[in-house]
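Engineer: Residue numbers (the UniProt record's numbering), protein chains in the order written: chain G, 1 to 353; chain E, 1 to 384.
Glycine residues also receive a C-beta, built at the ideal position from the N, C-alpha and C atoms.
Note that the structure is predicted; figures quoted are calculated from it, not measured.
For reference, the structure I am asking about is given below.
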Amino acid sequence: MNEMKSFIEDTVGKILRDLSTKEQRERFEEGEWASSLWKTIQESGLTLLGIAEEKGGGGGDYEDVFAILRVVGKHAAPVPLAEVIYANQFLAAHEGEVEDKLRVVHFAEESSSVHSPYKLINVPYGRYIDEVIVIRQEDHQASYSIVNALVCEIEKNDNLAAEPRDSLTFSNLGETKKLDLSFKEALEDYKKFLALSRVAMMTGAMESVLALSIFYSKERQQFGRPLHKFQAIQHHLTAMAGEVAAAYATLAVASASYLSDLEKEQIAMAKIELSANANVVAKAAHQLHAGIGMTYEHELHHFTRRLWAWREEGGNETYWADQLASLYQAREETIWESITHVKGEEAHAGSTV
Amino acid sequence: MRQLQLPAFEFTEKQKEFRKEVRSFLQAEKQKGTFDTHADSWLSGYSKEFSKKIGAKGWIGITFPKEYGGQARSTIDRYIITEELLAFGAPVASHWFADRQSGPLILKFGTEEQKKFFIPKIVKGECYFSIGLSEPNSGSDLASLKTTAEKVDGGWIVNGMKTWTSGAHHSHYMITLCRTSQQDPKNRHGGMSQLIIDLKSDGVTIRPIQFLTGEHHFNEVFLENVFVPDNRVVGEVGNGWAQGLTELAFERSGPERILSTFPLLEEAIRLLKEKEDHRGLMEASKLVSRMWALRNMSIGIAALLEEKKDVNLAAALVKDLGNSFEQSVAELIRLLLPAMPSKHAEDVYARMLAESILHGPGFTIRGGTTEILRGIVGKGVISA
Ligand SMILES: Cc1cc2nc3c(=O)[nH]c(=O)nc-3n(C[C@H](O)[C@H](O)[C@H](O)COP(=O)(O)OP(=O)(O)OC[C@H]3O[C@@H](n4cnc5c(N)ncnc54)[C@H](O)[C@@H]3O)c2cc1C
């Protein structure tokens with residue numbers, strides 16, 4: 001691990017340990033925006049990470065971004081950091097300089113967003129954001145408009161983890177600017193970022209689920225022994241530890257491939273993996289905690305509900321398997337050649353390795 | 001938890017070139033008809049000719065020091081060779097244990113004479129080893145083993161019996177774990193030693209145990225008053241248990257814990273593409289994703305082993321997850337491409353499906369059962 005990355009991780013870890021507490025998350029679920037947490041995150045330059053300093057950003061690269069998002073997941077921080085980082089980068093790329101605001105992008109895929117009044121659904125943190133960058137299909141090109149979220153009518157909704165996914169209705173798009181990408185390309189770019197963000201955040205959440213489980217299995221006694229002395233409990237711990245180690249390796253490899261030729265395939269595999277194993281971890285942890293884990297009081301659900309929510313976001317297993325299947329069909333390469341990134345000498349008509 | 005944080009490892013251009021070289025060689029050999037692709041070839045694919053060919057290339061014991069005939073190359077190069085051999089389903093069983101375990105053990109604990117005697121032959125692909133651990137009444141509870149070696153002038157007299165000994169009928173030697181002093185209830189793992197037994201010695205009887213396919217893979221090895229000279233004890237007398245543990249991370253996290261059924265997966269995907277079966281490819285892509293993730297883990301561990309880091313916990317996890325994955329391949333593929341699996345099918349797919357199903361249960365047993373492994377990891381996680 002490079003030292004800069006682990007330094008940033010440690011710093012963010014300290015901030016979140018102090019500010020993304022169980023009490024803070026509970027207040028958030030009762031409807032209170034985590035303003036001091038968000039302010040600290042902004043002041044630390046995290047929202048502008050990955051943007052060059054000349055453009056008003058905080059420097060750093062994408063590996064830092066995903067390393068930090070892992071820490072965000074580890075502390076189940078109730079903030080839309082991934083979405084805001086993407087929106088800020090989008091603006092930096094298209095407008096030059098960015099002012100740090102609470103903004104997200106939204107791709108107008110739903111039919112309700114085609115004509116005025118426009119209705120966008122499942123907007124992350126819609127009730128708390130300053131503005132939403134709406135990306136729409138116009139002729140064969142994509143265009144974007146910056147809409148003031150404060151004038152939108154809000155219908156509240158949330159995902160399994162009580163993270164806001166609101167509907168925003170408004171009648172005026174305002175100024176529309178063309179993108180030099182197709183809508184599909186722009187959307188794919190976002191999907192990849194979001195998927196890898198969720199991979200990072202789920203890795204962190206899995207770590208915390210394991211840590212809570214280890215703690216509880218030492219503390220709780222039954223039959224005169226701590227739970228971890230029971231073989232069946234050891235097997236649950238092993239199942240979780242296995243997925244945590246696999247998630248780590250997956251995140252490390254996939255985030256190193258971001259923005260390279262390999263990114264699409266690797267992000268697809270990474271998101272399939274994390275989504276598929278989210279419940280391996282959640283299920284084992286709940287079984288180990290039994291009754292207490294089913295209460296609002298215990299914080300296990302802050303992490304397991306996020307795992308269940310995030311496995312759907314940025315494309316679930318079905319979405320990415322569909323992409324991979326098309327990729328396999330379209331190319332001559334064997335699976336082994338693509339996994340090892342080395343092509344054999346012979347053309348592979350007919351029999352393979 | 002730091003022990004679970006595995007790094008990304010990028011193969012260098014030189015390493016990619018090397019992979020290409022190994023692959024081209026295997027491709028050419030396969031085309032010449034030197035071998036057919038089989039699932040689980042590292043357990044059951046015996047070919048002395050093939051082992052010698054691989055040896056002549058310098059690809060057995062490639063990490064061993066040059067003075068004994070090795071190439072002193074990195075564990076990453078060995079990793080590449082191993083992966084390519086398994087992906088091709090090549091017959092590597094003859095030399096497998098010598099390359100993976102016995103050679104490294106002798107190099108680490110053996111005498112100069114032992115190194116000079118065994119290593120050059122291992123490297124040439126001419127000297128094969130078996131692993132003599134399990135006994136009829138000592139499986140998972142290996143420390144309860146009963147085979148004993150008694151000190152006599154100039155050596156040891158061994159009596160006892162080993163079982164499930166893979167390839168003993170092909171091997172020249174067996175590294176035999178036996179008691180060299182009485183079991184001490186306070187130190188169950190003390191008092192055992194590793195002896196190299198020449199399988200042609202007087203008093204050694206090897207009897208086949210039929211594998212459930214009817215084939216001959218493993219054996220019972222009876223040891224009756226077998227004389228083993230002093231110079232065939234590996235390392236320290238009484239330290240056999242601890243010595244046996246040292247290479248465990250390599251054994252548990254290697255590609256053979258992930259790729260045993262990979263040739264079936266590759267063939268299935270080729271067929272699904274031929275049929276343009278999009279749904280089928282979608283399902284298969286999930287297996288590929290799992291394999292990719294486990295391979296990243298395994299390579300991350302190999303990279304840390306090269307830096308001499310302690311990776312025992314993560315290595316045990318690779319074996320657990322990898323073995324389950326290997327089993328799951330046949331279970332999913334059979335639903336995507338229905339066929340009558342048969343060991344005797346001419347159709348490669350139907351044959352490898354049969355091999356994968358019939359060998360499958362052994363994946364989570366050999367090299368330590370999943371139950372035992374999970375116990376070890378569970379305790380490790382708690383104390384980490
Ligand atoms: C294909 C194959 C090749 C092999 N090759 C070799 C070889 O070359 N050399 C060699 O020495 N051995 C070899 N073995 C033997 C292998 O190492 C043993 O089978 C294995 O260690 C288990 O021992 P056992 O079969 O006696 O089962 P047992 O130990 O009797 O176990 C039976 C069941 O009980 C479970 N169990 C046992 N103890 C516990 C416990 N404490 N807690 C929970 N569950 C427990 C086990 O997990 C298993 O499910 C091979 C085995 C196979 C299948």
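(1) Does any heavy atom of ligand 1 sit closer than 8 Å to the C-beta of W33 of chain G?
(2) Would you say W164 of chain E touches ligand 1, meaning its beta carbon is less than 8 Å from a heavy atom?
(3) Less than 9 Å between CB atoms is the rule here; does P65 of chain E satisfy it with respect to chain G?
(4) Opposite V123 of chain G in the DSSP bridges: which residues?
(5) Does the distance from the CB of N225 of chain E to the CB of D202 of chain E come in under 9 Å?
(6) Can you check which of these residues, E:N323, E:K286, E:E274, is closest to residue 402 of chain E by C-alpha distance?
(7) How about G378 of chain E and L212 of chain G: are their beta carbons less than 9 Å apart?
(8) Tell me the DSSP bridge mates of H216 of chain E?
(9) Would you check if the distance between the CB atom of Q137 of chain G and the CB atom of L181 of chain G is smaller than 9 Å?
(10) Alpha carbon to alpha carbon, what distance is there between S255 of chain G and E265 of chain G?
(11) Assuming A241 of chain G and N296 of chain E make a contact with CB atoms under 8 Å, what is their CB distance in whole Å?
(12) What are the residues of the region 50-68 of chain G that lie near chain E, defined by any Cβ-Cβ distance shorter than 9 Å?
(13) Going along the chain, which residues of the region 6-18 of chain E sit with their C-beta nearer than 7 Å to a C-beta in chain G?
(14) Where does H301 of chain G fall in DSSP's three states?
(15) Please name the residues in the region 31-53 of chain E whose beta-carbon is closer than 9 Å to at least one beta-carbon of chain G, in chain order.
(16) How many whole angstroms separate the CB atoms of T147 of chain E and T176 of chain E, which I take to be in contact at a CB cut-off of 8 Å?
(17) According to the neighbour-count rule (16 or more other Cβ atoms, all chains shown, within 10 Å of its Cβ), is R17 of chain G buried or exposed?
(18) Examine chain G for any beta-carbon lying closer than 9 Å to the beta-carbon of K273 of chain E, and answer yes or no.
(19) Which of helix, strand or coil does DSSP assign to L181 of chain G?
(20) Under the rule that 16 or more other beta-carbon atoms within 10 Å means buried, what is R279 of chain E, buried or exposed?
(21) Cβ of G139 of chain E versus every heavy atom of ligand 1: is any distance shorter than 8 Å?
(22) For ligand 1, I want to know if H169 of chain E counts as a neighbour, meaning its beta carbon is within less than 8 Å of at least one of the ligand's heavy atoms.
(23) Would you say I335 of chain G and Y328 of chain G are within 9 Å of each other, going by their C-beta atoms?
(24) Could you check where the beta strand (DSSP E) with F129 of chain E kicks off and where it finishes?
(25) Comparing alpha-carbon positions, which option in G:E99, G:I15, G:G315 lies nearest A268 of chain G?
(26) What do you reckon, are the CB atoms on A200 of chain G and R70 of chain G nearer than 9 Å?
(27) Say yes only if the C-beta of F218 of chain E is nearer than 8 Å to one or more non-hydrogen atoms of ligand 1, and no if none qualify.
(28) What does W336 of chain G touch in chain E if you count any residue whose Cβ is under 7 Å from its own?
(29) Please list, in chain order, the residues of the region 308-324 of chain G that have any C-beta partner in chain E closer than 9 Å.
(30) Verify the CB distance criterion: does A284 of chain E have a CB-CB separation below 9 Å to chain G?
(31) What's the call for A72 of chain E, buried or exposed, on a 16-neighbour Cβ count within 10 Å?
(32) For residue 356 of chain G and chain E, any beta-carbon pair shorter than 9 Å?
(33) For a test of the three-state rule: what should DSSP assign to Q182 of chain E, helix, strand or coil?
(34) Could you check the C-alpha separation between V204 of chain E and G154 of chain E for me, to the nearest Å?
(35) Are the C-beta of A76 of chain G and some C-beta of chain E separated by less than 9 Å?
(36) Which class does V234 of chain E belong to by DSSP, given the choice of helix, strand or coil?
Structural biologist: So, to answer that:
(1) Within the first sequence, numbered from 1, the residue matching residue 33 of chain G stands at position 33. The answer is no for W33 of chain G.
(2) Within the second sequence, numbered from 1, the residue matching residue 164 of chain E stands at position 164. Under cutoff, so the answer is yes.
(3) Position 65 of the second sequence, counted from the start, is the residue given in the question as residue 65 of chain E. Chain G contact via Cβ: absent.
(4) Taking the first sequence and counting its residues from 1, one reaches residue 123 of chain G at position 123. Looking at the DSSP assignment, V123 of chain G forms a beta bridge with G:D166.
(5) Looking up residue 225 of chain E in the second sequence gives position 225. Looking up residue 202 of chain E in the second sequence gives position 202. Contact: yes.
(6) As displayed, chain E neither begins before 1 nor continues past 384, which places residue 402 of chain E out of reach and without an answer.
(7) Position 378 of the second sequence holds residue 378 of chain E. Position 212 of the first sequence holds residue 212 of chain G. No, Cβ-Cβ distance for G378 of chain E and L212 of chain G is not below 9 Å.
(8) Here the question's residue 216 of chain E lines up with position 216 in the second sequence. DSSP lists E:Q210 as partners of H216 of chain E.
(9) Locating residue 137 of chain G in the first sequence gives position 137, where the first residue counts as 1. Locating residue 181 of chain G in the first sequence gives position 181, where the first residue counts as 1. The answer is no: Cβ separation not under 9 Å.
(10) Translated into the one-based positions of the first sequence, residue 265 of chain G becomes position 265. Translated into the one-based positions of the first sequence, residue 255 of chain G becomes position 255. Answer to the nearest angstrom: the Cα atoms are 12 Å apart.
(11) As a first step, residue 241 of chain G is located in the first sequence; it is residue number 241 there, counting from the start. As a first step, residue 296 of chain E is located in the second sequence; it is residue number 296 there, counting from the start. The Cβ separation is near 16 Å, so there is no contact.
(12) none
(13) L6, P7, A8, K16
(14) Residue mapping note: residue 301 of chain G aligns to position 301 of the first sequence, counting from 1. Looking at H301 of chain G - three-state DSSP - the assignment turns out to be helix.
(15) Q31, T37
(16) Start at 1 with the first residue of the second sequence, and residue 147 of chain E comes out as number 147. Start at 1 with the first residue of the second sequence, and residue 176 of chain E comes out as number 176. About 7 Å separates the two Cβ atoms, so the contact holds.
(17) Taking the first sequence and counting its residues from 1, one reaches residue 17 of chain G at position 17. By the 10 Å Cβ count, R17 of chain G comes out exposed.
(18) Along the second sequence, read from residue 1 onward, the residue named residue 273 of chain E stands at position 273. For K273 of chain E, the answer is yes, since a Cβ of chain G falls inside 9 Å of its Cβ.
(19) Position 181 of the first sequence, counting from 1, holds the residue named residue 181 of chain G. Coil at L181 of chain G, not helix or strand.
(20) For the purposes of this step, residue 279 of chain E is taken as the residue at position 279 of the second sequence. By the neighbour-count rule (16 or more Cβ atoms within 10 Å), R279 of chain E is not buried but exposed.
(21) For the purposes of this step, residue 139 of chain E is taken as residue 139 along the second sequence, with counting starting at 1. Yes, ligand 1 has a heavy atom inside 8 Å of this Cβ.
(22) Taking the second sequence and counting its residues from 1, the one referred to as residue 169 of chain E is at position 169. No, Cβ of H169 of chain E sits at least 8 Å from all heavy atoms of ligand 1.
(23) Reading the first sequence from its first residue, position 335 is the one you call residue 335 of chain G. Reading the first sequence from its first residue, position 328 is the one you call residue 328 of chain G. Yes.
(24) Taking the first residue of the second sequence as position 1, residue 129 of chain E is located at position 129. Start and end: 129-132.
(25) Working through the first sequence from its first residue, we reach residue 268 of chain G at position 268. A268 of chain G has its Cα closest to that of G:G315, out of G:E99, G:I15, G:G315.
(26) Locating residue 200 of chain G in the first sequence gives position 200, counting from the first residue. Locating residue 70 of chain G in the first sequence gives position 70, counting from the first residue. Yes. Within cutoff.
(27) Numbered from its first residue, the second sequence carries residue 218 of chain E at position 218. Answer for F218 of chain E: yes, Cβ within range of ligand 1.
(28) As a first step, residue 336 of chain G must be located in the first sequence, where it is residue number 336. The contacting residues are A87, E266.
(29) E317, T318, W320, A321, D322, Q323, L324
(30) Mapped onto the second sequence, residue 284 of chain E falls at position 284. Yes, because at least one Cβ of chain G sits closer than 9 Å to the Cβ of A284 of chain E.
(31) Here the question's residue 72 of chain E lines up with position 72 in the second sequence. Flag for A72 of chain E reads exposed.
(32) The requested residue 356 of chain G does not occur in the structure, where chain G is confined to residues 1 to 353.
(33) Along the second sequence, one-based indexing puts residue 182 of chain E at 182. DSSP places Q182 of chain E in coil when its eight states are reduced to three.
(34) As a working note, residue 204 of chain E is residue 204 in the second sequence. As a working note, residue 154 of chain E is residue 154 in the second sequence. In a straight line, the C-alpha of V204 of chain E is about 19 Å away from that of G154 of chain E.
(35) Position 76 of the first sequence, counted from the start, is the residue given in the question as residue 76 of chain G. Taking Cβ atoms only, chain E never reaches closer than 9 Å to A76 of chain G, which makes this a no.
(36) Position 234 of the second sequence, counting from 1, holds the residue named residue 234 of chain E. Here V234 of chain E sits in strand by DSSP.
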